[in-house]
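Please read the structure below before turning to the comments.
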Amino acid sequence: MDMEESSNSELLDEIVAAMPSNDYIGLMGLDDDNKDILESSESKAANASCTQDVSKSSESKAANASCTQDVSKSFIDCLSEPKSLSQSEEHSSQSEEFLEELKRREKEGEPIIGYLHNLSPMKVSANENNYFDVSVHMKEKTIRAVCFSPEKMKPMKANWEASSPVKISQFSIKRNRFTHDDEMHINKRTKLSEADVSEADFNFVEEKVDEVPFSTVSDLVGKDSTGQVNIVGRVRLQGVPETIKSNGKTLIKQDGVLTDESGSIRIVFWQSDIQKIESGSSYEFKKAILKNYDGRNYTTINRQTILLSSDVEVTRDDDQKVENVSQLSLPADAVEKVTSYLCCNKCNSSLLHNDNQKVIKCSNCNSAQLKSKSKKLVVAKVLLMKDEEKVSLTIFDEKLRELYCIYKSQENACAKPYCQLGDDEIAEFLLIVEAVVCYNRRLNVLAING
Numbered sequence: 001m002d003m004e005e006s007s008n009s010e011l012l013d014e015i016v017a018a019m020p021s022n023d024y025i026g027l028m029g030l031d032d033d034n035k036d037i038l039e040s041s042e043s044k045a046a047n048a049s050c051t052q053d054v055s056k057s058s059e060s061k062a063a064n065a066s067c068t069q070d071v072s073k074s075f076i077d078c079l080s081e082p083k084s085l086s087q088s089e090e091h092s093s094q095s096e097e098f099l100e101e102l103k104r105r106e107k108e109g110e111p112i113i114g115y116l117h118n119l120s121p122m123k124v125s126a127n128e129n130n131y132f133d134v135s136v137h138m139k140e141k142t143i144r145a146v147c148f149s150p151e152k153m154k155p156m157k158a159n160w161e162a163s164s165p166v167k168i169s170q171f172s173i174k175r176n177r178f179t180h181d182d183e184m185h186i187n188k189r190t191k192l193s194e195a196d197v198s199e200a201d202f203n204f205v206e207e208k209v210d211e212v213p214f215s216t217v218s219d220l221v222g223k224d225s226t227g228q229v230n231i232v233g234r235v236r237l238q239g240v241p242e243t244i245k246s247n248g249k250t251l252i253k254q255d256g257v258l259t260d261e262s263g264s265i266r267i268v269f270w271q272s273d274i275q276k277i278e279s280g281s282s283y284e285f286k287k288a289i290l291k292n293y294d295g296r297n298y299t300t301i302n303r304q305t306i307l308l309s310s311d312v313e314v315t316r317d318d319d320q321k322v323e324n325v326s327q328l329s330l331p332a333d334a335v336e337k338v339t340s341y342l343c344c345n346k347c348n349s350s351l352l353h354n355d356n357q358k359v360i361k362c363s364n365c366n367s368a369q370l371k372s373k374s375k376k377l378v379v380a381k382v383l384l385m386k387d388e389e390k391v392s393l394t395i396f397d398e399k400l401r402e403l404y405c406i407y408k409s410q411e412n413a414c415a416k417p418y419c420q421l422g423d424d425e426i427a428e429f430l431l432i433v434e435a436v437v438c439y440n441r442r443l444n445v446l447a448i449n450g
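In the UniProt record's numbering, the protein residues as written are 1 to 450.
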């Protein structure tokens, strides 16, 4: 019996959600080493008799029975035939036969049967879509599957936990443009159903335990190379979340300190990951990223990172203190620039448009939206004096809104809504409002004190 029926046709969320270890905006994360699927014209020729007629008529199958009679039962069986190929050529040949059979089954709607391994937690793509990935083990081969249908997490988790086989049909095979590996894409159209153990004519193989050892903080601080790491420790958030604009996106960033009994290291959280952290609690980070900036190592997490609560108790005090925050008083001595821009309602990227457009298409996530309903964000640069030195601060939209509320209360004015302000009106209230702003060493305003 089917676990669930496929829903109405829906476009597959593009490969950006399937980037195996890329980051939100290229600021964090680590690209996997690019891997190419080996190809060999000689191995193709050597195995052509096993692959060229798989999808032909039954008469054609009979004519080529020596190679295709058991394909629908177990398409890996023909791989065991002896071939006078080198090891790499044989591996390439097997991979290509496996892939060709998967594509045939995709085209004909024929299910595959396999066991599930390495089920990931639910993740959020750069386009703010939920997805998860899992390894599907079929006979002698395993393929990565990316599922863009969150409701399938529950039934797939049940199969994974029970180590029971599952039938998967109406899937698609896509080439990952970053790793160049082929992977299975599962969406709402994909059908899942229970498979009898007798239908899986191969043994269940226990999933491999993560062989990457956990590092201590002192190891990471002194490590010469950057890359993927596993670590556990107490996290304390520092300061307040910071709004930044990079690569056309407006993002929220939060610094923290990760401490174990060996030392402390800076850790950076982005976007929705910030809400997952309770300051002062301990966490286990698998597949975190070690990076280096300005000669100092620090850690961050991305969509591939597995974040788990930990009962580890850390008695050591944090070595690194809260980032230095300075204060200055408004009103501004000058407003250098006010920039307004429209922002995608889905992924927060800046939208390119002209005055005559009614519908705008986002160049990042390809979603279309009415120009009149697009979010408008504003960024201002203001000049203030500190000890006879000029300081140029950046104030993002969220803090501008706070300042405007203070301005209205001070002027006791029935001013128009913030969303209706023009650039000149924003510059005007910045030259009048009285408030204390807190800013960091990057000269971004972090907090407002009225």
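The beta-carbon is built from N, C-alpha and C at its ideal position, and this holds for glycine as well.
**Prompt:** So the alpha helix (DSSP H) Y404 belongs to, where does it begin and stop?
**Reply:** 397 to 411
**Message:** Using DSSP's beta-bridge definition, name the partner residues of R266.
**Reply:** V257
**Pair within 8 Å by beta-carbon distance, V229 and S218** = no
**Message:** Once the 5 residues before and after K399 are set aside, which same chain residues still bring their CB inside 7 Å of it?
**Reply:** V445, I448
**Message:** In the DSSP assignment, the alpha helix (DSSP H) including I426 goes from what residue to what residue?
**Reply:** 423 to 430
**Message:** Going by DSSP in three states, Q238 sits in which element: helix, strand or coil?
**Reply:** coil
**Message:** Considering only their Cβ atoms, is the gap separating T315 from G379 smaller than 8 Å?
**Reply:** Checking the displayed sequence, the identity of residue 379 turns out to be Val instead of Gly. Cβ atoms of V379 and T315: not closer than 8 Å.
**Request:** Indicate whether the contact test is met: 3 or more Cβ pairs, each with one atom in the segment 250 to 266 and one in the segment 290 to 298, closer than 8 Å.
**Result:** yes
**Asked** Which residues does DSSP pair with K141 in a beta bridge?
**Response** M138
**Item:** L370 burial status per 10 Å Cβ neighbour count (16 or more: buried)
**Value:** exposed
**Request:** State yes or no: is the C-beta of I173 within less than 8 Å of the C-beta of F148?
**Result:** no
**Asked** Which class does I306 belong to by DSSP, given the choice of helix, strand or coil?
**Response** strand
**Request:** Kindly indicate which three-state DSSP category M184 falls into: helix, strand or coil?
**Result:** strand
**Request:** Closer than 8 Å by C-beta to C343: which residues in its own chain qualify, once you throw out the five before and the five after it? Chain order, please.
**Result:** T250, S349, S350, L351, S374, K375, K376, L377
**Coarse secondary structure for F202, derived from DSSP in three states** = coil
**Request:** Measure the C-alpha to C-alpha separation of G256 and D273 and round it to an integer number of angstroms.
**Result:** 12 Å
**Request:** Starting from the C-beta of Y407, find all residues in its chain whose C-beta is less than 6 Å away, skip the five residues before and the five after it, and write them out in chain order.
**Result:** F429, V433
**Request:** Express the C-alpha separation of L258 and C438 in angstroms, rounding to a whole number.
**Result:** 24 Å
**Request:** If I'm right that K167 touches I113 with Cβ under 8 Å, what's the distance once you round it to whole angstroms?
**Result:** 6 Å
**Cα-Cα separation between L328 and A368, rounded to whole angstroms** = 41 Å
**Item:** Q420, DSSP secondary structure in three states
**Value:** helix
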